[in-house]
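Quick note: to get this note's numbering, add 100 to the position in the sequence shown (first position is 1). For every residue, glycine included, the Cβ atom is placed at its ideal position computed from N, Cα and C. Take a look at the structure set out below.
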Amino acid sequence: MAEIDLSKPIVYRVEGMNHTATRRNEVYRVDGDEKLLMDLQLPPNLPSGARVPAIFFVHGGPIPREGVPPKQWGIFQSYSALAAASGLVGVAFNHRLHAPEDYSRSQSDIAAAVEYVRTHADRLNVDPSRIALWYFSGAGPQLSWVLRERPTSVRCVLAFYALLDLRVLVPPGAPAVILEQAAAHSPAALVGTRAKGLPLFVARAGQDSPMVNQSIDAFMREAAAADVQIDFADHPEGRHTFDVLDDVERSREIIARAMAFVRAHLS
Numbered sequence: 101m102a103e104i105d106l107s108k109p110i111v112y113r114v115e116g117m118n119h120t121a122t123r124r125n126e127v128y129r130v131d132g133d134e135k136l137l138m139d140l141q142l143p144p145n146l147p148s149g150a151r152v153p154a155i156f157f158v159h160g161g162p163i164p165r166e167g168v169p170p171k172q173w174g175i176f177q178s179y180s181a182l183a184a185a186s187g188l189v190g191v192a193f194n195h196r197l198h199a200p201e202d203y204s205r206s207q208s209d210i211a212a213a214v215e216y217v218r219t220h221a222d223r224l225n226v227d228p229s230r231i232a233l234w235y236f237s238g239a240g241p242q243l244s245w246v247l248r249e250r251p252t253s254v255r256c257v258l259a260f261y262a263l264l265d266l267r268v269l270v271p272p273g274a275p276a277v278i279l280e281q282a283a284a285h286s287p288a289a290l291v292g293t294r295a296k297g298l299p300l301f302v303a304r305a306g307q308d309s310p311m312v313n314q315s316i317d318a319f320m321r322e323a324a325a326a327d328v329q330i331d332f333a334d335h336p337e338g339r340h341t342f343d344v345l346d347d348v349e350r351s352r353e354i355i356a357r358a359m360a361f362v363r364a365h366l367s
């Protein structure tokens with residue numbers, strides 16, 4: 101996303117996105133001197149005893165440690181506002197995916213973020229048994245954690261223009277151990293055996309990089325071969341981050357459809 105203005109919001113809006121309740125800079129994990137933060141947007145005027153489902157928006161990478169933290173990017177702030185305006189809690193958070201070797205640590209951060217919200221569900225007005233995870237771009241490999249662990253609180257998973265198969269990056273003739281490591285973090289390698297019964301939504305941008313689209317195509321082939329049902333949305337003219345860059349009806353249709361998918365599976 102370095103080529104776009106990181107403050108830009110998504111191209112889809114609904115009434116109420118400017119009137120959400122916000123909890124900023126919740127510390128969800130402390131690791132040495134590092135404090136990992138999240139922002140939550142909630143429907144306004146929730147009663148103290150209200151418990152509503154939550155969507156976690158998982159940023160991609162690898163990204164530099166310096167710069168604007170992802171939870172402050174316009175895409176995730178606006179998606180969180182969309183969630184809140186739709187009667188859900190939207191969670192934007194930072195995780196530590198700064199280099200290819202960080203996948204395991206990043207997955208641990210994501211799991212910690214989910215556990216923090218579930219543990220503090222009463223204070224945060226969250227129903228801890230109704231969680232959705234929405235992965236973007238280079239966060240695609242992190243979806244493998246959900247497929248491996250199948251946490252019962254995660255009711256559905258979404259992936260927008262996401263890298264879903266790291267094996268496409270492995271050069272021919274690479275040592276077997278490299279291919280094994282890539283497969284361990286590749287949702288495409290797990291979807292056939294670990295995704296049954298887990299609602300999945302995948303959005304593909306036709307004008308994305310061949311690498312990303314090859315990984316999505318591999319994921320879809322593996323799912324089809326195992327008769328795993330995927331709610332799939334193709335955007336033939338869409339670019340990577342079409343939900344921010346391409347202000348056209350097809351972009352808005354896909355975002356609206358994805359949000360309807362979440363609401364249906366968290367109801």
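Review point. With 16 other CB atoms within 10 Å as the buried threshold, where does residue 135 fall?
Key: In the sequence shown, residue 135 corresponds to position 35, counting from 1. Residue 135 comes out exposed.
Exercise for review: Output yes or no for whether 9 Å exceeds the beta carbon distance between residue 372 and residue 233.
Suggested key: Since the first residue shown for the chain is 101 and the last is 367, residue 372 is missing from the structure and cannot be characterised.
Practice item. Can you say whether residue 107 is buried or exposed, counting buried as having 16 or more other CB atoms within 10 angstroms of its CB? Key: If you number the sequence shown from 1, residue 107 lands on position 7. The residue is exposed, with fewer than 16 neighbouring Cβ atoms inside 10 Å.
Check your understanding: Within this structure, are the beta carbons of residue 128 and residue 155 separated by less than 9 Å?
Key -> Taking the sequence shown and counting its residues from 1, the one referred to as residue 128 is at position 28. Taking the sequence shown and counting its residues from 1, the one referred to as residue 155 is at position 55. Not closer than 9 Å, so no.
Review point. The alpha helix (DSSP H) with residue 356 in it runs from where to where?
Key: Taking the first residue of the sequence shown as position 1, residue 356 is located at position 256. Residues 349-366.
Review point. Could you give the distance in angstroms between the alpha-carbon of residue 101 and the alpha-carbon of residue 334?
Key: Counting from 1 along the sequence shown, the entry for residue 101 is found at position 1. Counting from 1 along the sequence shown, the entry for residue 334 is found at position 234. Only weak support exists for where residue 101 lies, its pLDDT of 39 falling under 50; the value from the coordinates is given anyway. C-alpha separation (whole angstroms): 20 Å.
Point to revise | Three-state secondary structure assigned by DSSP to residue 102 | key: In the sequence shown, residue 102 corresponds to position 2, counting from 1. Low per-residue confidence applies at residue 102: pLDDT is 42, beneath 50, and the placement is therefore not dependable, though the value from the model is reported in the following sentence. Residue 102: coil per DSSP, three-state reduction.
Check your understanding: To which residues of the same chain is residue 184 closer than 6 Å at the C-beta, ignoring the five residues directly before and after it?
Key -> One-based indexing of the sequence shown puts residue 184 at position 84. These residues qualify, in order along the chain: 120, 141, 142, 143 and 190.
Exercise for review: Quick one: grab the DSSP three-state call for residue 134.
Suggested key: Taking the first residue of the sequence shown as position 1, residue 134 is located at position 34. Strand.
Review point. CA-CA distance, residue 299 and residue 354?
Key: In the sequence shown, counting from the first residue as 1, residue 299 sits at position 199. In the sequence shown, counting from the first residue as 1, residue 354 sits at position 254. Those two C-alpha atoms are separated by around 16 Å.
**Study point:** Euclidean distance between Cα positions of residue 271 and residue 282
**Key:** Position 171 of the sequence shown, counted from the start, is the residue given in the question as residue 271. Position 182 of the sequence shown, counted from the start, is the residue given in the question as residue 282. Rounded to whole angstroms, residue 271 to residue 282 spans 11 Å at the Cα level.
Practice item. Within its chain, find whatever has a CB closer than 6 Å to the CB of residue 171; leave out the 5 residues flanking it on each side and keep chain order. Key: By 1-based counting over the sequence shown, the position of residue 171 is 71. Same-chain partners within the cutoff: 139, 192, 193 and 194.
**Study point:** Run of the alpha helix (DSSP H) containing residue 167, from where it starts to where it stops
**Key:** To locate residue 167, count along the sequence shown from 1; it is residue 67. Looking at the DSSP string, residue 167 is not in any alpha helix (DSSP H), and its letter there is neither H nor E.
Review point. Under a three-way DSSP split, which group does residue 203 fall into?
Key: The sequence position of residue 203 within the sequence shown is 103, counting from 1. Helix, per DSSP.
Check your understanding: Given residue 187, which residues of its chain have a CB within under 6 Å of its CB, disregarding the five upstream and five downstream residues?
Key -> To locate residue 187, count along the sequence shown from 1; it is residue 87. For residue 187, where only same-chain residues beyond five positions count, the Cβ hits under 6 Å are 143.
Review point. Since residue 257 sits in a beta bridge, which residues does DSSP pair it with?
Key: Position 157 of the sequence shown holds residue 257. The partner list for residue 257 (beta bridge, DSSP) reads 233 and 300.
Review point. If we call anything under 9 Å between Cβ atoms a contact, is residue 198 one with residue 162?
Key: Your numbering for residue 198 matches position 98 in the sequence shown. Your numbering for residue 162 matches position 62 in the sequence shown. In this structure, residue 162 lies closer than 9 Å to residue 198 by Cβ.
Check your understanding: Using CA coordinates, which residue listed in 176, 145, 216 and 148 is at the minimum distance from residue 157?
Key -> Reading the sequence shown from its first residue, position 57 is the one you call residue 157. Nearest of 176, 145, 216 and 148 to residue 157, Cα basis: 176.
Point to revise | Helix, strand or coil at residue 209 according to DSSP, with G and I counted as helix | key: Reading the sequence shown from its first residue, position 109 is the one you call residue 209. If DSSP states are grouped into helix, strand and coil, residue 209 belongs with the helices.
Point to revise | Inter-stretch contact (C-beta, 8 Å, three-pair minimum) for the segment 316-327 and the segment 336-354 | key: no
Check your understanding: In its own chain, which residues sit with a C-beta less than 8 Å from the C-beta of residue 213, not counting the 5 before and 5 after it?
Key -> In the sequence shown, the residue the question calls residue 213 occupies position 113. Excluding sequence neighbours, residue 213 sits near 128, 129, 136, 138, 156, 191, 193 and 195.
Review point. With burial defined as no fewer than 16 other Cβ atoms inside 10 Å of the residue's Cβ, what is the status of residue 304: buried or exposed?
Key: Working through the sequence shown from its first residue, we reach residue 304 at position 204. Result: buried.
Check your understanding: If we ignore side chains and look at the alpha-carbon of each, how far apart do residue 263 and residue 358 end up?
Key -> Translated into positions along the sequence shown, residue 263 becomes position 163. Translated into positions along the sequence shown, residue 358 becomes position 258. Each residue's alpha carbon lies about 18 Å from the other.
Exercise for review: Identify whether residue 154 lies in helix, strand or coil by the three-state DSSP scheme.
Suggested key: For the purposes of this step, residue 154 is identified with residue 54 of the sequence shown, where counting begins at 1. Strand at residue 154.
Point to revise | Rounded separation between residue 166 and residue 113 - CA only | key: Here the question's residue 166 lines up with position 66 in the sequence shown. Here the question's residue 113 lines up with position 13 in the sequence shown. Each residue's Cα considered, the two are about 30 Å apart.
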